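Enquirer: Quick note on my numbering: the sequence shown kicks off at 3 and runs consecutively.
The structure under discussion is supplied below as C-alpha cells; questions concerning it will follow.
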Amino acid sequence: MTLAESDSRRETGDTLVSCFAQSLVKANRITQGALDRARRVALESNDRLEYALTRLGILSERELSDAMSEFLHLPLLSPADYPTTPVLNDRLSARFLRETRVIPIRDEPSSLLVAMANPLDRYAQQALRFAAGKEIDVRVCYPADFEAAFATLYGEQAPTPAQGAAAARETVAISDDVDKLRDLASDAPVVRLVNQIITDAVERRASDIHIEPMENELLVRYRIDGVLHLAPSPSQQLAQAIVSRIKIMAKLNIAERRLAQDGRISMAVRGQDVDFRVSTSPTVRGESVVLRILDRSQLALDFDRLGFEPELANQFSKLTAQPHGIVLITGPTGSGKTTTLYTALLELNSSERKILSIEDPVEYQLTGINQVQVKPQIGLTFANALRAFLRQDPDIMMVGEIRDLETAQVAVQAALTGHLILSTLHTNDAPSALTRLIDMGLEDYLLTSTINGIAAQRLVRLLCTHCRQAFKPSAELIERLGLRQLAGDEPLMLHKAVGCESCRMTGYDGRTSIVEILTMTGKLRHAVLKRADASELQRLARESGMVPLQQHGLRKALSGLTTVEEVLRVTQQGA
Numbered sequence: 003m004t005l006a007e008s009d010s011r012r013e014t015g016d017t018l019v020s021c022f023a024q025s026l027v028k029a030n031r032i033t034q035g036a037l038d039r040a041r042r043v044a045l046e047s048n049d050r051l052e053y054a055l056t057r058l059g060i061l062s063e064r065e066l067s068d069a070m071s072e073f074l075h076l077p078l079l080s081p082a083d084y085p086t087t088p089v090l091n092d093r094l095s096a097r098f099l100r101e102t103r104v105i106p107i108r109d110e111p112s113s114l115l116v117a118m119a120n121p122l123d124r125y126a127q128q129a130l131r132f133a134a135g136k137e138i139d140v141r142v143c144y145p146a147d148f149e150a151a152f153a154t155l156y157g158e159q160a161p162t163p164a165q166g167a168a169a170a171r172e173t174v175a176i177s178d179d180v181d182k183l184r185d186l187a188s189d190a191p192v193v194r195l196v197n198q199i200i201t202d203a204v205e206r207r208a209s210d211i212h213i214e215p216m217e218n219e220l221l222v223r224y225r226i227d228g229v230l231h232l233a234p235s236p237s238q239q240l241a242q243a244i245v246s247r248i249k250i251m252a253k254l255n256i257a258e259r260r261l262a263q264d265g266r267i268s269m270a271v272r273g274q275d276v277d278f279r280v281s282t283s284p285t286v287r288g289e290s291v292v293l294r295i296l297d298r299s300q301l302a303l304d305f306d307r308l309g310f311e312p313e314l315a316n317q318f319s320k321l322t323a324q325p326h327g328i329v330l331i332t333g334p335t336g337s338g339k340t341t342t343l344y345t346a347l348l349e350l351n352s353s354e355r356k357i358l359s360i361e362d363p364v365e366y367q368l369t370g371i372n373q374v375q376v377k378p379q380i381g382l383t384f385a386n387a388l389r390a391f392l393r394q395d396p397d398i399m400m401v402g403e404i405r406d407l408e409t410a411q412v413a414v415q416a417a418l419t420g421h422l423i424l425s426t427l428h429t430n431d432a433p434s435a436l437t438r439l440i441d442m443g444l445e446d447y448l449l450t451s452t453i454n455g456i457a458a459q460r461l462v463r464l465l466c467t468h469c470r471q472a473f474k475p476s477a478e479l480i481e482r483l484g485l486r487q488l489a490g491d492e493p494l495m496l497h498k499a500v501g502c503e504s505c506r507m508t509g510y511d512g513r514t515s516i517v518e519i520l521t522m523t524g525k526l527r528h529a530v531l532k533r534a535d536a537s538e539l540q541r542l543a544r545e546s547g548m549v550p551l552q553q554h555g556l557r558k559a560l561s562g563l564t565t566v567e568e569v570l571r572v573t574q575q576g577a
C-alpha cells in the first residue's frame with residue numbers, strides 16, 4: 003500500500019466518522035457543543051472521536067452502538083448469536099481481535115460474518131478482508147457483549163492433557179502469590195471487563211450486581227426493579243482475576259479469601275459519579291461478590307415520585323410534623339424504607355432544626371444533615387450513638403434500624419424528652435410493628451406514649467407503557483380480590499406485562515411504592531395496653547381509616563400502573 007493510498011483510506015474513514023457525528027446532532031442524541039468538546043478531546047489525546055464521546059459520558063456505549071446500527075443500517079447481535087468456539091483461529095490472532103474489537107461469528111463460503119464493537123473502523127474491516135481472503139459481513143455488537151464473548155472464547159487456552167498437572171500447579175501458585183494475583187487483576191482485558199460489567203449494570207438501572215462462582219461458570223446477574231436478571235457470563239478462568247480487580251478497586255485485602263469483607267468504590271459512569279457498596283463472601287467454589295449501586299442520579303427524594311398519592315403523602319407528613327414521638331417504617335430489605343426516610347428528612351430539613359442520623363451504612367450523603375456510620379467493632383452501636391446524639395442538642399434523629407431492646411429503649415426515652423425519632427423495623431405490616439416491639443421487651447405504656455404512626459411499604463414494578471396490554475378480569479378474580487369495591491363506578495380493566503425492546507422484554511420499567519399508614523388512635527392505644535394480637539390491631543387500624551398494602555397495590559393495578567401478579571408477589575399473597 004502506498005502512502006497516498008493510506009492517506010486516502012484514512013480520509014474516507016474520517017469522513018464516515020464525521021458524517022456519523024453529524025447524524026447524532028441531527029437526531030438530537032447529542033448537542034453541537036458536546037460534539038465540539040469531544041472533537042477537541044479526541045484531537046488532544048489522539049483518540050477516535052466515537053471513543054471520546056463515551057469517555058466524556060456524552061453517550062453511553064449502548065447508546066453509541068444503537069446509533070451506529072441505525073446509521074449504518076446494520077443489525078445488532080444478541081449474546082446468543084456468538085459461537086461456542088473460536089472461528090478462523092488459525093488465521094486471526096486474539097491480539098488483533100482484541101485491538102480491533104472484532105469477533106468472527108461464522109465462516110461462510112463467500113464471506114466471513116463478524117461482530118464489531120466499532121463498525122466505523124474501516125481499517126479493521128480491510129485487515130479482516132485481507133486475512134480471511136473473502137468479503138466481510140458486519141454486524142454491530144454491544145461492547146459489554148464483546149468483552150464477555152472475547153473472555154469466553156480467547157481469555158485462556160485450555161491445557162492439553164499432558165499439561166494438566168502443570169497447569170493445576172500453576173493455578174495454585176497464582177492463588178498463593180498475591181503479587182501475581184494483583185498483576186493479573188491489573189491486566190487491561192480484566193480491567194475493561196470489570197468496567198464494562200459495572201457500566202452495563204448502571205445503564206440498565208440495576209440496584210445490585212451479583213458475581214457468583216458456580217461449578218462450570220462464573221454467574222453474573224443484575225437486580226433490576228427488584229428481580230434478578232442474567233447477564234453475559236465471563237470465562238470461569240477469569241473469576242479470580244475479576245474478584246481481585248473489584249477488591250483492589252474497593253481497597254480490600256486481596257490475599258484474604260477466607261473471611262467476608264466490605265468496602266466501597268467511587269467511580270464516574272456515563273459522566274456521573276456513582277458509589278458502589280462492595281461485599282465479598284467466601285463460598286465452596288470461590289468468593290462471591292455483590293455490588294450495591296448507589297446512583298444519586300436515579301435517587302428520587304420526592305413523595306410523589308416515590309408513589310405516594312397526595313392523600314398518603316399528607317398523612318405521612320402529618321406524622322413527621324409532630325414535634326416529638328416516634329415514626330416507624332416497616333418492610334423487608336429492599337422495600338425502599340431508607341429512601342422514604344431520606345425523603346422525610348429532606349422535607350423536615352431547615353436552618354431552624356438540627357437533624358442527626360445514625361445509619362448502617364450511610365448510603366447517600368444529605369446536605370445539612372449530620373450522618374454517622376455505625377462501627378460495632380469500636381462500640382459505636384445504634385444505642386450508643388443515640389445516647390451521644392442526645393448531648394448534641396438535636397431536634398430530629400433518624401435511626402437506621404431498631405434491631406434490639408436497648409436501641410428501642412433509648413429511642414423511646416429520646417421521644418419522651420421532646421425529640422422526633424424516625425426509624426425502621428422489619429415486620430410484614432404496620433400493626434405487626436406494635437406487637438414486635440412488645441415482644442422485644444418494650445413496656446406497652448411507653449409504646450402507646452411515644453408512637454405517632456407506622457408506615458409499611460413495598461416496591462412493585464411499573465408496567466412498560468409501550469407494550470402493556472389491557473384485558474377484562476374474570477368474574478372469579480373480581481370476586482376473590484374484591485376489585486368491584488375498589489374500582490367503584492370506574493370500568494374494571496387490568497393490564498398484563500408483554501415485553502418489548504424498550505423494557506428489554508421484561509414488560510416492566512421502573513418501580514413505585516405501595517404503602518399502608520397506621521396512625522395511633524385512642525382505640526389502638528387501648529388495644530395495645532390490653533395486649534391485643536396483630537389481627538385485632540389490624541382490624542382496628544382498618545376501622546380507623548388505614549388502607550391495607552394489598553388494597554393500595556390493587557388500586558394501582560386498576561389504574562394501569564402495575565399488574566395484579568406484582569401486587570400479590572410483594573404482599574405475600576397467593577395468586
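Just so it is clear, CB atoms sit at the ideal spot from N, CA and C, and this is done for glycine as well.
If you're wondering where the values come from, they're calculated on a predicted model, not measured in any experiment.
Can you name, in chain order, every residue of its own chain whose Cβ lies under 6 Å from the Cβ of L220, other than the five neighbours on each side?
Expert: Excluding positions up to five away in sequence, the list reads S235, P236, Q238 and A241.
Enquirer: Sort out for me which residues DSSP pairs G327 with in a bridge.
Expert: Bridge partners of G327: L422.
Enquirer: In chain order, what residues of the same chain lie with their CB nearer than 8 Å to the CB of A160, ignoring the 5 residues before and after it?
Expert: Because the pLDDT of A160 is 36, which lies under 50, any placement of that residue in the model is unreliable, and the question is left without a value.
Enquirer: By how many angstroms is the C-alpha of L488 removed from the C-alpha of A477?
Expert: Whole-angstrom Cα-Cα distance: 14 Å.
Enquirer: Compute the beta-carbon to beta-carbon distance between I371 and S352, rounded to the nearest angstrom, for a pair I have assumed lies under 8 Å.
Expert: Not confirmed; about 11 Å, so no contact.
Enquirer: Alpha carbon to alpha carbon, how far is T33 from Q274?
Expert: C-alpha separation (whole angstroms): 18 Å.
Enquirer: Hey, could you find the ends of the beta strand (DSSP E) L464 is sitting in?
Expert: First-last of the beta strand (DSSP E) with L464: I453 to L465.
Enquirer: When the Cα atoms are used, what is the spatial distance from A341 to Q459?
Expert: Correcting the residue type first, residue 341 is Thr in the shown sequence and not Ala. C-alpha separation (whole angstroms): 11 Å.
Enquirer: Taking the alpha carbon of E72 as the reference point, which residue from A96, Y53 and A29 has its own alpha carbon closest?
Expert: Checking every option, the nearest Cα to that of E72 belongs to A29.
Enquirer: Could you tell me the alpha carbon to alpha carbon distance between K136 and A117, rounded to whole angstroms?
Expert: Roughly 16 Å between the two C-alpha positions.
Enquirer: Take V174 and list the residues in its own chain whose beta-carbon comes closer than 8 Å to its own, dropping the five residues that flank it on each side.
Expert: Here V174 scores only 43 on pLDDT, less than 50, and its place in the model is too uncertain to base an answer on.
Enquirer: I need the DSSP call for Y344, collapsed to helix, strand or coil.
Expert: It is helical.
Enquirer: Is S237 helix, strand or coil by DSSP?
Expert: If DSSP states are grouped into helix, strand and coil, S237 belongs with coil.
Enquirer: So which of K558, R39 and R389 has the shortest CA-CA distance to D416?
Expert: It should be noted that the sequence gives Ala, not Asp, for residue 416. Minimum Cα distance to A416 is reached at R389.
Enquirer: Determine, using beta carbons only, whether S20 comes closer than 7 Å to chain B.
Expert: Going by chain labels, chain B is absent from the structure shown, which holds only one protein chain.
Enquirer: With a 10 Å radius around its C-beta and 16 neighbouring C-beta atoms as the bar for buried, classify Q127 as buried or exposed.
Expert: The residue is buried, with at least 16 neighbouring Cβ atoms inside 10 Å.
Enquirer: Spell out the partners DSSP gives H231 in its beta bridges.
Expert: Answer by DSSP bridge pairing, in chain order: Y224.
Enquirer: What residue range does the beta strand (DSSP E) around M400 cover?
Expert: Here the beta strand (DSSP E) through M400 covers I398 to V401.
Enquirer: Identify whether P215 lies in helix, strand or coil by the three-state DSSP scheme.
Expert: P215: strand per DSSP, three-state reduction.
Enquirer: For F148, which option in L79, I138, D210 and A208 has the closest C-alpha, if you only look at C-alpha atoms?
Expert: When only C-alpha atoms are compared, the closest one is L79.
Enquirer: How would you label Q552, buried or exposed, when you count the other beta carbons within 10 angstroms and need 16 or more for buried?
Expert: Q552 should be labelled buried.
Enquirer: Quick check on the burial criterion: 16 or more other C-beta atoms within 10 angstroms. Buried or exposed for E214?
Expert: When all chains shown are included, E214 counts as buried.
Enquirer: Skipping 5 residues on each side, what residues in its chain have a beta carbon closer than 6 Å to that of D397?
Expert: Cβ neighbours of D397 beyond the five flanking positions: R355 and K356.
Enquirer: DSSP state of Q128, grouped into three classes?
Expert: Of the three classes helix, strand and coil, the one that applies to Q128 here is helix, per DSSP.
Enquirer: Looking only at its chain, what residues have a beta carbon closer than 7 Å to the beta carbon of L601, apart from the 5 residues adjacent to it on each side?
Expert: For the chain, the structure presents residues 3 to 577; residue 601 sits outside this window and is missing.
Enquirer: Give the single residue among T452, V271 and L479 whose Cα lies nearest to the Cα of H326.
Expert: With distances taken between Cα atoms, H326 lies closest to T452.
Enquirer: Grab the span of the beta strand (DSSP E) containing P145 for me, first residue to last.
Expert: It is not in any beta strand (DSSP E) - P145 instead sits in the alpha helix (DSSP H) that spans P145 to Y156.
Enquirer: Any idea which residues DSSP pairs Q373 with across the strands?
Expert: Beta-bridge pairing links Q373 to S359.
Enquirer: Could you name the residues of the same chain whose beta carbon sits closer than 7 Å to that of P475, not counting the 5 residues immediately before and after it, in chain order?
Expert: So the list reads L485, L494 and L496, once near-sequence residues are dropped.
Enquirer: Residues in the same chain with beta-carbon distance under 6 Å from V130, minus the five sequence neighbours each way, listed in chain order, please.
Expert: Checking the sequence shown, residue 130 turns out to be Leu, not Val. Closer than 6 Å at Cβ, skipping near neighbours: I138.
Enquirer: Judging by CA-CA distance, which residue of R470, P145 and A134 is the nearest neighbour of L94?
Expert: Among R470, P145 and A134, the Cα nearest to that of L94 belongs to A134.
Enquirer: So what does R266 bridge to, in DSSP terms?
Expert: Beta-bridge pairing links R266 to R279.
Enquirer: Since S434 and I328 should fall inside the 8 Å C-beta cutoff, what is the C-beta to C-beta distance between them, to a whole number of angstroms?
Expert: Not really, about 16 Å apart at Cβ, beyond 8 Å.
Enquirer: What separation, rounded to the nearest whole angstrom, lies between the Cα atoms of H231 and G336?
Expert: Roughly 16 Å separates the two Cα atoms.
Enquirer: Just to confirm, is the Cβ distance from R513 to D304 under 7 Å?
Expert: No, they are not a contact pair.
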